[in-house]
Amino acid sequence: FAPQFTATPALAATGLLALTATAALARWGCGELADRIAPRPITGILALTACAGLALTAYAVGSDRTAVLPVGLLLLGAAYGGLQSLTLVQAFDYAGAENRHAASVAWNIGYDAGTGLGSLMLGVAAQVATFSAGFTVLSALMALAGLAVLLTGHSESADPPVSRRPRAPGTERPSLGKR
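Taken in order, the sequence shown gives residues -26 to -1, 1 to 153; the numbers are from mature numbering (1 follows the signal peptide of the UniProt record, and there is no 0).
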């Protein structure tokens, strides 16, 4: 949709570059963070980052302030890439090494379906109203999601992720590299 957001092709290309470059960097960075700290707070912060990116994009598309577009897409890319890493790590953690293939398939289907559904919602909003309205609605949804993650407690389920289950003495932790 980016070429429809501005009459300047270079600005649309810059925005797309900002989105994809920061998504790639955030995948790597959040993968590193997930090894060091709990993913829940990072997930909430990234959802709110997506909210801010979507809000700035809505503002840029709905006004003559199109120079804000790359900034909004940069924030959105950081959130998108970071959430990719964190949610995949969490899926593998909860599934355990013995279920990594099924977890990977399920995660990919879910993430791709979510991306497609978001794009579909944006396209429908653009037809019914404007792109700006669509980005505003998506921004509000991400704000709700981010706040829900940050403000609700997380209690361990009766069946914790494999990585946090106690192991019998003398046994090794399952590795994703071993078959």
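Yeah, the Cβ is synthetic: ideal placement off N, Cα and C, and Gly gets one too.
Remember, predicted model here, so these are calculated numbers, not experimental data.
Where does residue i sit, in a helix, a strand or coil, going by DSSP?
i, result
"Gly18", "helix"
"Pro(-18)", "helix"
"Ile11", "coil"
"Ser59", "helix"
"Gly36", "helix"
"residue 155", "This structure cannot speak to residue 155, because the chain is shown only from -26 to 153."
Are residue i and residue j close, meaning C-beta to C-beta below 8 angstroms?
i, j, result
"Gly51", "Leu(-8)", "yes"
"Gly56", "Leu20", "yes"
"Gly120", "Gly36", "no"
"Ala100", "Val111", "no"
"Val123", "Arg10", "no"
"Phe66", "Ala77", "yes"
"Leu48", "Leu(-11)", "no"
Since residue i contacts residue j with CB under 8 angstroms, what's their CB separation in whole angstroms?
i, j, result
"Ala8", "Leu60", "6 angstroms"
"Ala117", "Leu22", "7 angstroms"
For the alpha helix (DSSP H) containing residue i, list its first residue and its last residue.
i, result
"Thr126", "Unbroken run through Thr126: none, as it is neither H nor E."
"Val102", "Arg74 to Val102"
Let me see if you follow: with CB-CB separation under 8 angstroms, is residue i close to chain D or not?
i, result
"Ala8", "Looking at the structure shown, chain D is missing, and only one protein chain is on hand."
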